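Working notes, beginning with the structure itself.
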Ligand SMILES: *Cc1c(COP(=O)(O)O)cnc(C)c1O
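Here is the structure:
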């Protein structure tokens, strides 16, 4: 046995942090790392944002938890604010992204059940998707590496290739309850779905009484420069799962729904012990205070352009390390010509934290509060990391 009491299900870097300040993480010995992983798009306002620290500590002195057997004013308020700023009429709070997806899936199935169509429970998903690690969400994601060894795959999920309309049309049937899609695939390699594809999905779902479910667990809460990534397309969903950025580091998620889709989720049909508790709601409301401030999302877009331009020139400078830049807002990816794990380690050695993703991409997901100075520092570190991997120029010894 190795020295740890923990499951070995994570391949952890040999690195631990003691504190965080804005876009930076510090080890116990004071080494500074620039955090463009942000807890995988979770630390939307960076580390220890004073407004979040104040909201959390103030609530901690008053009330941590009561069950959903009682009114929770902070939950009511955050729900109303999410409804006011989105397509949604109803919100269910969870502790995580996977649980938000579970609620979305149950809501879609129950909608058709209540209409007298209990056999209409299948959901179409897309290759490269990631929806979480529960039994239902690994079935929805459809990735063999996450399903292997965990018994029969939960029934009711059909998968089609990414951005392939003909395959989708061949797959939908009278048994299809909903279509589930990430407007920008995160884990799958920072792949934005074309706006026209989302618009066609919306029209198809309207025509066939199917529900359109978005997974904006990673792309939501300002990450792409709009509150939610699908807003760029104008195609609203019926149901949407969110998490990650809404808690700014406090574990929380939510399932948003239209009135029509949520109607069948009557008392007793669904529940959670911890979801929406006062501590989580205090932090979620505080995150929205900042993200909804006038000009905040415009700043995300401005900083995205600055970072993207820098990344494009690095791709030009190191053509044997990087192939292209992709993504939207501060949800960017560098497609690599060398294994992305190797590139990610070289960046870490240069003290820049990033996250590997599918399609041999390295993800850059800085806090939305990242400064221009942080961006310049990140570009310097990227150059340093890339230089350590670049082939020597022809003509020199080699
Ligand atoms: C992270 C993620 C999830 C799962 O969230 P958990 O909080 O880990 O359960 C689901 N969907 C997407 C798109 C994600 O990025």
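Numbering (the working numbering), first residue to last: 53 to 450.
Glycine residues also receive a C-beta, built at the ideal position from the N, C-alpha and C atoms.
Note that the structure is predicted; figures quoted are calculated from it, not measured.
Uninterrupted beta strand (DSSP E) stretches at least 3 residues long and entirely within the region 174-206 occur at 174-178, given in chain order. A contact between stretches requires three or more CB pairs, one per stretch, nearer than 8 Å, and the region 133-149 meets this requirement with the region 306-323.
Contact annotation, residue 297 with residue 94: C-beta distance approximately 7 Å; criterion of less than 8 Å satisfied.
Beta-bridge annotation (DSSP): residue 407 is paired with 415. With a cutoff of 7 Å, residue 195 does not count as near ligand 1, since its C-beta is closer than that to no heavy atom of the ligand. Exposed is the label assigned to residue 117, since fewer than 16 other Cβ atoms lie within 10 Å of its Cβ. One alpha carbon belongs to residue 378, the other to residue 384, and they sit about 6 Å apart. Under the three-state reduction of DSSP output, residue 253 falls in the helix class.
Between residue 78 and residue 70, the C-beta gap is smaller than 8 Å, which places the two residues in contact.
8 Å or more divides the Cβ of residue 92 from the Cβ of residue 335. Here the region 187-201 does not lie against the region 246-264, with fewer than 3 beta-carbon pairs under 8 Å apart.
At a threshold of 7 Å, residue 269 counts as near ligand 1, since its beta carbon sits closer than that to one of the ligand's heavy atoms.
Segment contact: the region 219-235 against the region 163-180, three or more CB-CB distances shorter than 8 Å; contact assigned. For residue 354, the enclosing alpha helix (DSSP H) stretches over residues 348-369. Taking all protein chains in view, the Cβ of residue 424 is surrounded by fewer than 16 other Cβ atoms within 10 Å, so the residue is classified as exposed. Annotation for residue 363 indicates a beta carbon at 7 Å or more from all heavy atoms of ligand 1. Under the 8 Å Cβ criterion, the region 234-254 does not count as touching the region 160-169, having fewer than three qualifying pairs.
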